[in-house]
Amino acid sequence: MDREQWGSRWGFVLAAVGSAIGLGNIWRFPYVAYKNGGGAFLIPYIFALLTTGLSFVALEFIIGKKYRGSAPLSYFRINRHMEFVGWWQFAISFVIMTYYAVILGWALSYIGFSATLAWGTDTKSFLFNSYLNVLPSASVTNLGGIEWRALIPLLVIWVVTLAISYRGVKKGIESVSKIAIPALVVLFLIFVVRAVTLPGSALGLNAFFQPQWDQILNPEIWKAAYSQIFYSLSLAMGIMITYSSYLPEKTDTTNNAFITAFSNSGFELLAGFGIFAALGFMANNSGVAVKDLAAGGIGLAFVVLPQIINQLPFPQFFGVVFFVCLLIAGITSLISLLEVCISAASEKFGWDRRRSVLLIGGLATLVSVAYTTRGGMYLLDVVDNFVNGFGVLPSAVVEIVLVLWVFRQMKPLMEEANRYSQIRLGGYFKIALGLITPVMLVVILFSSLVANIETVYGGYPADFVAVFGWGMVILMLVFAVLIPRLSWKEKSVLKKEEKE
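Residue 196 in our numbering sits at position 112 of the sequence shown, and the numbers go up by one each step.
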């Protein structure tokens, strides 16, 4: 059966890189590196890249290309009892994209705010009070009303994303990626060059790269490195399997995996340069230490960076540049999350792309509205923590154990990759993927589980975390178990193949 394909190898690579490079590269990596040993963090980070990063991306590229289907279909073709893993990853991608789109809506708003520096001098109060009007505390029974200032840009983000997806893999995703990723690199380089040439930038760069060698044997640093590599590469969410399923037969998957993984890490290091150079500039201007300014996540992007932008020459210009970068990095990731769901639903239920985009995209848009309420910030924080910690990580462990250990796919997958790849997979790949990676992921998962059991996450009310955190994880698992019980419809890919 004919399947849509990428128009070119570089179209695929740019789309895969676009999926991997997201908000976390810009706002998570610099802070994680800084607080976990500075320059010394790069040693476990590179080790994690060379073991888990390269091998896991290669694994998912090979699975997608060999079995030519979405995550549920590819796993089904390995063994019918594995289909649930694909729907688990479908659920993960769906939930993540519902709140990811909201953050992109904020970035879109901040592009407009940059024109007049509307956030003023108290950027924290502007974000939480003036813009989002966040409730004083979280409550299961009261998420507050919808904030239109967050809702309108969210709807714009979804309209754009669904329009791109509707055009398909080649005309939509590939065409956008070919423009967006080069544009992102150029714009971010403008921001970084400006940052490193500012007075005081050396203070920030010294803080970022100064190695704390006494921390190198700290297990927490190694866990942080593996977590960063894993999350930043969009692994175990069905994305890389789905994207690679559109590859032509004679494709060098291993080489593509190397390009994707190294490009992602290269951008993270570039982000580290830019963010900490800017922090050094602000520290120099304010007469405070860099450590007192360093932050990650939403606080870095929407509180600290606007403060820095206020002090830059031509602040409006650099405000627009930064938030456009944030928007581009996020939109290419959002498109990939949506494609996981569209591809899976189309193949299982026999829907055409138009119907899949409207139904899946429409439902995701409705769910996203919950995060635009006055309590949406709390909801986003809790859901993000639990979906990543107890959705993505277990998904990865189960994927490796079933694919490589239970159903013994290591040899056929390596043979598939080595048919057309210049870089041949061998013993190193077996050890890195079959042993080192699952061990590290289990350690991280166990550590996270203990931490969340001993202490209620984020200091939120216990019932709030139970409902929106643990409850969301349970809901995803139930979904993953139930959907495989539904038969493949007459118009589905499997039924059509049987008839042929």
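We put the CB at the ideal spot given by N, CA and C, even for glycine.
Given the structure is predicted, the values throughout are model-derived calculations rather than measurements.
{"Asked": "Whole angstroms is fine: what's the gap from Gln-89's alpha carbon to Phe-178's?", "Found": "23 Å"}
{"Asked": "Report the partner residues of Ile-257 according to the DSSP bridge assignment.", "Found": "DSSP output for Ile-257 lists no bridge partner at all."}
{"Asked": "Buried or exposed, going by whether 16 or more other CB atoms sit within 10 Å of the CB of Asn-120?", "Found": "buried"}
{"Asked": "Since Gly-666 and Gly-284 are thought to touch, with beta carbons under 8 Å apart, how far apart are those beta carbons, to the nearest angstrom?", "Found": "Lying outside 85 to 584, the shown extent of the chain, residue 666 is not represented and no answer is given."}
{"Asked": "For the segment 280 to 296 against the segment 444 to 453, do three or more pairs of beta-carbon atoms, one drawn from each stretch, fall closer than 8 Å, so that the two count as touching?", "Found": "no"}
{"Asked": "To which residues of the same chain is Ile-305 closer than 7 Å at the C-beta, ignoring the five residues directly before and after it?", "Found": "Asn-120, Gly-121, Phe-125, Pro-128 and Gln-299"}
{"Asked": "With burial defined as no fewer than 16 other Cβ atoms inside 10 Å of the residue's Cβ, what is the status of Arg-87: buried or exposed?", "Found": "exposed"}
{"Asked": "Should Leu-289 and Phe-346 be called a contact, given that it needs their Cβ atoms to be closer than 8 Å?", "Found": "no"}
{"Asked": "For Val-565, which of Phe-174, Thr-456, Val-276 and Gly-358 has the nearest alpha-carbon?", "Found": "Phe-174"}
{"Asked": "Using DSSP bridges, identify the partner residues of Thr-457.", "Found": "Ile-230"}
{"Asked": "Cα separation between Ala-142 and Leu-421?", "Found": "19 Å"}
{"Asked": "Where does the unbroken alpha helix (DSSP H) through Leu-421 begin, and where does it stop?", "Found": "399 to 433"}
{"Asked": "Keeping to the same chain, check which residues put their C-beta closer than 7 Å to that of Leu-238; ignore five residues upstream and five downstream.", "Found": "Ala-185, Val-186, Gly-189, Ser-452 and Thr-456"}
{"Asked": "Evaluate Glu-423 with the Cβ neighbour count: other Cβ atoms within 10 Å of its Cβ, from every protein chain shown; 16 or more gives buried, anything less gives exposed.", "Found": "buried"}
{"Asked": "If you run the structure through DSSP and keep just helix, strand and coil, what is Ser-479?", "Found": "helix"}
{"Asked": "Answer yes or no: do Leu-235 and Arg-458 have a C-beta to C-beta separation smaller than 8 Å?", "Found": "no"}
{"Asked": "In terms of residues, what are the limits of the alpha helix (DSSP H) holding Gln-391?", "Found": "389 to 395"}
{"Asked": "Helix, strand or coil: how does DSSP classify Gly-358 here?", "Found": "helix"}
{"Asked": "Taking the alpha-carbon positions, what's the Gly-229 to Phe-398 distance?", "Found": "37 Å"}
{"Asked": "Using C-beta distances below 8 Å, list every residue in its chain close to Phe-548, excluding the 5 sequence neighbours before and after it, in chain order.", "Found": "Ala-222, Ser-223, Val-224, Tyr-462 and Val-466"}
{"Asked": "Let's see if you can read the secondary structure: which residues bound the alpha helix (DSSP H) around Gln-173?", "Found": "167 to 198"}
{"Asked": "Below 8 Å on the Cβ atoms is my contact criterion, and I expect Arg-161 with Tyr-151 to pass it. Report the Cβ-Cβ distance as a whole number of Å.", "Found": "4 Å"}
{"Asked": "Alpha helix (DSSP H) containing Ala-516: first to last residue?", "Found": "Looking at the DSSP string, Ala-516 is not in any alpha helix (DSSP H), and its letter there is neither H nor E."}
{"Asked": "Tell me whether Trp-489 is buried or exposed, calling it buried when 16 or more other Cβ atoms sit within 10 Å of its Cβ.", "Found": "exposed"}
{"Asked": "Which one of Tyr-310, Trp-172, Leu-301 and Lys-262 has the shortest CA to CA distance from Ala-516?", "Found": "Tyr-310"}
{"Asked": "Taking the Cβ atom as the reference point for each residue, do Ile-313 and Leu-519 lie within a distance shorter than 8 Å?", "Found": "no"}
{"Asked": "Can you list, in chain order, the residues of its chain whose CB lies under 7 Å from that of Ser-440, leaving out five sequence neighbours each side?", "Found": "Ile-426, Ala-429 and Ser-430"}
{"Asked": "Just checking, does the segment 94 to 102 make contact with the segment 258 to 269 on the three C-beta pairs under 8 Å criterion?", "Found": "yes"}
{"Asked": "Exposed or buried, what is Lys-585 when buried is set at 16 or more other beta-carbons lying within 10 Å of its beta-carbon?", "Found": "Because residue 585 is not part of the residues shown, which for the chain are 85 to 584, the question remains open."}
{"Asked": "Does DSSP put Lys-580 in a helix, a strand or coil?", "Found": "helix"}
{"Asked": "For my contact list, Met-321 and Val-476 are in at a C-beta cut-off of 8 Å; report their separation, rounded to the angstrom.", "Found": "6 Å"}
{"Asked": "So, do the segment 324 to 340 and the segment 492 to 506 have three or more beta carbon pairs nearer to each other than 8 Å?", "Found": "yes"}
{"Asked": "Please confirm whether Val-280 and Phe-357 have their CB atoms less than 8 Å apart.", "Found": "yes"}
{"Asked": "Quick one: what does DSSP say Thr-135 is sitting in, helix, strand or coil?", "Found": "helix"}
{"Asked": "Kindly indicate which residue of Met-181, Val-253 and Gly-473 has the alpha-carbon position closest to the one of Ala-308.", "Found": "Gly-473"}
{"Asked": "Grab me the residues of Leu-273's own chain with a C-beta within less than 8 Å of its C-beta, minus the 5 sequence neighbours each way, in chain order.", "Found": "Leu-354"}
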